[in-house]
Amino acid sequence: MSPYIEKGRNGDFWADNLPEGISLVRKFDKYVMIAAAVSFLAAFIYVLYEDLIGIHRMYGVMPMLALPFFVCGVMFYIRAKYWILLILAAAAMVLWFIDIPLTLIFLVFFLVIGASGVVALVDALQRSIFYQVLRTIEYINVKSKLTAKDKVVAFLFNIPEDMDTRNITMDYELSRTKIPWKEVGNTISLGLMVGMFLWIYISMNPAFMDLSTEASVPLLMFTLILYIPVLVMPWSIFRSLNVRIDTGYRSFNIYRGIRATLQRMAVPVIAALFFVLVAINTSDIMTVALYILLSAAMIVITLTIASILYYWVFESVTINDIVSKWKMFRPVPVFVGLEADSGKGSWDEVAGTPKRDKTDFGKFTLPENK
Numbered sequence: 000m001s002p003y004i005e006k007g008r009n010g011d012f013w014a015d016n017l018p019e020g021i022s023l024v025r026k027f028d029k030y031v032m033i034a035a036a037v038s039f040l041a042a043f044i045y046v047l048y049e050d051l052i053g054i055h056r057m058y059g060v061m062p063m064l065a066l067p068f069f070v071c072g073v074m075f076y077i078r079a080k081y082w083i084l085l086i087l088a089a090a091a092m093v094l095w096f097i098d099i100p101l102t103l104i105f106l107v108f109f110l111v112i113g114a115s116g117v118v119a120l121v122d123a124l125q126r127s128i129f130y131q132v133l134r135t136i137e138y139i140n141v142k143s144k145l146t147a148k149d150k151v152v153a154f155l156f157n158i159p160e161d162m163d164t165r166n167i168t169m170d171y172e173l174s175r176t177k178i179p180w181k182e183v184g185n186t187i188s189l190g191l192m193v194g195m196f197l198w199i200y201i202s203m204n205p206a207f208m209d210l211s212t213e214a215s216v217p218l219l220m221f222t223l224i225l226y227i228p229v230l231v232m233p234w235s236i237f238r239s240l241n242v243r244i245d246t247g248y249r250s251f252n253i254y255r256g257i258r259a260t261l262q263r264m265a266v267p268v269i270a271a272l273f274f275v276l277v278a279i280n281t282s283d284i285m286t287v288a289l290y291i292l293l294s295a296a297m298i299v300i301t302l303t304i305a306s307i308l309y310y311w312v313f314e315s316v317t318i319n320d321i322v323s324k325w326k327m328f329r330p331v332p333v334f335v336g337l338e339a340d341s342g343k344g345s346w347d348e349v350a351g352t353p354k355r356d357k358t359d360f361g362k363f364t365l366p367e368n369k
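Under numbering that gives the first Met the number 0, the sequence shown has 324 at position 325, and the numbering climbs by one with no breaks.
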């Protein structure tokens, strides 16, 4: 760590990097993110190849895009030694040889392996972004010039420009005895907002409605929906720990900021959805509406399963790691000083208590031109 003083628009501040050792990312998390990236790239190239020069249509091979979640799920089960679930997955493969519908086999694979792979990737992403986001927000309204990363974080979390963002804090004692269904409901509502974009795609793309077999439609939609938890669940850690910016008035909750951003984006998307449904000519509007309802049901089921796994297996470990390293991120309160209130019942309130001359503390001079 090499701290230095930077002159910002609202005063000077210590523009240091994150302390060494504060990273929450474990070796397993690195392997999960690498495996997910590599398998996604391989699956994406395969889908493009089949669409351009292969013998299968793109929509027929789109389920290959679920490969990252199966790879991550297998890694999780091997690490956790849940061999019985791998045996069940092998049984699902056998079903393919006895003419069981492909959609059913795909759902079995997801329930057995894919859901855990989704949550393992979500947990790895949470660990990689948590303190990075907090450090970015901390100085975002103090800097005189914002980087591209600062602008993205300010937009996503809806940070007001006139707020002093340095006093970030969170709740340190979180103990769950049951699944927080209210938080699961919030995650599902965010997922449905993201699903709006998927529904727009379904309505506007005539090729989607021209699939050779309708049985492949739910399979394709389910594959795309698997990515929704990866988009909405990493932010849940800020809600669980009540990460906020304390001000002299009402605290600014970090999670509510990103939720407000998604809500602002969802309003015009909803309007566009109804416009597209009215204007569509190539497809039966009732068919489109049926697929929208089907995808909504899939989003609710997928996020419910992923949320239960996350709160049951992953969250407590991640929160313990975050809290244990909080003192490295914030060794002392930001606004501590000599003029701090001693509090009720201190010796300063007792008559005759001697006062110390503050000049005894010496004079602190910051280096110039740094």
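A virtual CB, placed ideally from N, CA and C, is assigned to each residue, including glycine.
This one's a predicted model, so the numbers in the text were calculated from it and none came from an experiment.
Residue i burial status per 10 Å Cβ neighbour count (16 or more: buried)
| i | result |
| --- | --- |
| A296 | exposed |
| S306 | buried |
| E314 | buried |
| I86 | exposed |
| G190 | buried |
| S294 | buried |
| L223 | buried |
| P228 | buried |
| P330 | exposed |
| S239 | buried |
| L337 | Legend: pLDDT at L337 = 42, less than 50; position of this residue unreliable, value from coordinates given subsequently. Answer is exposed; the Cβ neighbour count stays below 16. |
| M264 | exposed |
| V151 | exposed |
| I77 | exposed |
| A51 | The question names Ala, yet the displayed sequence has Leu at residue 51. By the neighbour-count rule (16 or more Cβ atoms within 10 Å), L51 is not buried but exposed. |
| I44 | exposed |
| G20 | exposed |
Length of the line joining the Cα atoms of residue i and residue j
| i | j | result |
| --- | --- | --- |
| A114 | V70 | 11 Å |
| T376 | R255 | Only positions 0 to 369 of the chain appear in this structure, which leaves residue 376 out of reach. |
| L23 | M195 | 33 Å |
| V132 | D170 | 17 Å |
| Q262 | D122 | 24 Å |
| V117 | E160 | 35 Å |
| Y226 | A288 | 22 Å |
| Y309 | A119 | 8 Å |
| I178 | G184 | 11 Å |
| V299 | L230 | 15 Å |
| L47 | M61 | 10 Å |
| T146 | F328 | 21 Å |
| N319 | E49 | 45 Å |
| M162 | R249 | 11 Å |
| N252 | M232 | 17 Å |
| F154 | F27 | 31 Å |
| S341 | L66 | Unreliable positioning characterises S341 in this predicted model, as indicated by a pLDDT of 48, which lies under 50. The coordinate reading is nonetheless provided below. Distance between the alpha carbons of S341 and L66: 58 Å. |
| W180 | W311 | 12 Å |
| T303 | I33 | 26 Å |
| T176 | V316 | 14 Å |
| I112 | V93 | 16 Å |
| K144 | I158 | 16 Å |
| N241 | L173 | 10 Å |
| M285 | W234 | 35 Å |
| S323 | N166 | 19 Å |
| L292 | M192 | 14 Å |
| K326 | E182 | 27 Å |
| V73 | K29 | 15 Å |
Presumed contact (8 Å Cβ cut-off) between residue i and residue j, rounded CB distance
| i | j | result |
| --- | --- | --- |
| T164 | I136 | 5 Å |
| A42 | M63 | 4 Å |
| L17 | R126 | Rounded, the Cβ-Cβ distance is 13 Å, inconsistent with contact. |
| M257 | F109 | Position check: residue 257 holds Ile in this sequence, whereas Met was assumed. Not quite, the Cβ-Cβ distance comes to about 27 Å (not below 8 Å), so this is no contact. |
| F129 | I236 | 6 Å |
Cutoff 9 Å: residue i Cβ touching any chain C Cβ
| i | result |
| --- | --- |
| Y171 | No chain C appears in this structure, which consists of one protein chain only. |
**Study point:** Inter-stretch contact (C-beta, 8 Å, three-pair minimum) for the stretch 134–143 and the stretch 31–44
**Key:** no
Exercise for review: Quick one: which unbroken alpha helix (DSSP H) runs of 4-plus residues sit fully inside the stretch 290–319? Chain order, please.
Suggested key: none
**Study point:** Every unbroken alpha helix (DSSP H) within the stretch 100–166, with a cutoff of 4 residues, ordered by chain
**Key:** 101–108, 114–137 and 147–155
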